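The next block holds one structure in the form of structure tokens; read it before the comments.
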Amino acid sequence: MAHSRSAKGRAKASSQGSSQSKSQRQLRVGEELRHALARLLTRGDLRDPQLAATNLTVTEVRISPDLKSATAFVVPLGGGDLAKVIEALNHAAGFLRSQLSQEVQLRYTPRLSFQADHSFDEAARINALLHHPRVVQDVEAEADDADDGAPEGGPDAQ
Numbered sequence: 123m124a125h126s127r128s129a130k131g132r133a134k135a136s137s138q139g140s141s142q143s144k145s146q147r148q149l150r151v152g153e154e155l156r157h158a159l160a161r162l163l164t165r166g167d168l169r170d171p172q173l174a175a176t177n178l179t180v181t182e183v184r185i186s187p188d189l190k191s192a193t194a195f196v197v198p199l200g201g202g203d204l205a206k207v208i209e210a211l212n213h214a215a216g217f218l219r220s221q222l223s224q225e226v227q228l229r230y231t232p233r234l235s236f237q238a239d240h241s242f243d244e245a246a247r248i249n250a251l252l253h254h255p256r257v258v259q260d261v262e263a264e265a266d267d268a269d270d271g272a273p274e275g276g277p278d279a280q
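Residues in the sequence shown are numbered consecutively from 123, following the working numbering.
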């Protein structure tokens, strides 16, 4: 019996060896916290005028391996001063944590911190680059070159 426990321990240690890989529990708890935070933020219990006037989307919650701290990535819908929104959220983190403890069933409610999610801006920038006339021209030229090298009628033609 001790042999199977040590094998399980080794498997668990190797699966958590990389700081980049997230355990299934981290992913599941992070997703549960994301949904609960989204509900709390849409409920309107926050007194801060900066937060009351802003609709927020919680895009991701990353939780530490010990499940004691979490970083929530948010995007304000309709613009707004992103720095002030993040500052207000971090100021309200204690209140949100207490509300979160009533929403989710966890042994320990993680400390919260908030950061702006810039992934949508980055995706829009990459999309704009891909649709730039010069890039489109290069992609079409490469596609034409690839078509010129293929036998007539495709690979099955004789």
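Built from N, CA and C at the ideal position, the CB exists for glycine as well. Predicted model, so just to flag it, every value in this text is computed and none were measured.
- Exclusion of the five residues before and after residue 235 leaves 191, 192, 193, 194, 212, 215 as the residues of its chain whose Cβ lies within less than 8 Å of its Cβ.
- Within the region 163–202, the complete beta strand (DSSP E) segments at least 3 residues long are 177–185, 191–199, listed from N- to C-terminus.
- With 16 or more neighbouring CB atoms inside 10 Å of its own CB, residue 185 falls in the buried class.
- Between residue 155 and residue 183, the CB-CB gap stays under 8 Å.
- Rounded to whole angstroms, the separation of the alpha carbons of residue 201 and residue 181 is 16 Å.
- Taking a 10 Å sphere around the C-beta of residue 166, we find fewer than 16 other C-beta atoms and assign the residue as exposed.
- For residue 171, the closest of 158, 225, 251, 207 by C-alpha to C-alpha distance is 207.
- Looking only at 218, 158, 164, 149, the smallest Cα-Cα distance to residue 198 is reached by 164.
- As summarised for the region 214–252, the continuous alpha helix (DSSP H) elements at least 4 residues long and confined to that stretch are 215–225, 241–252, given in chain order.
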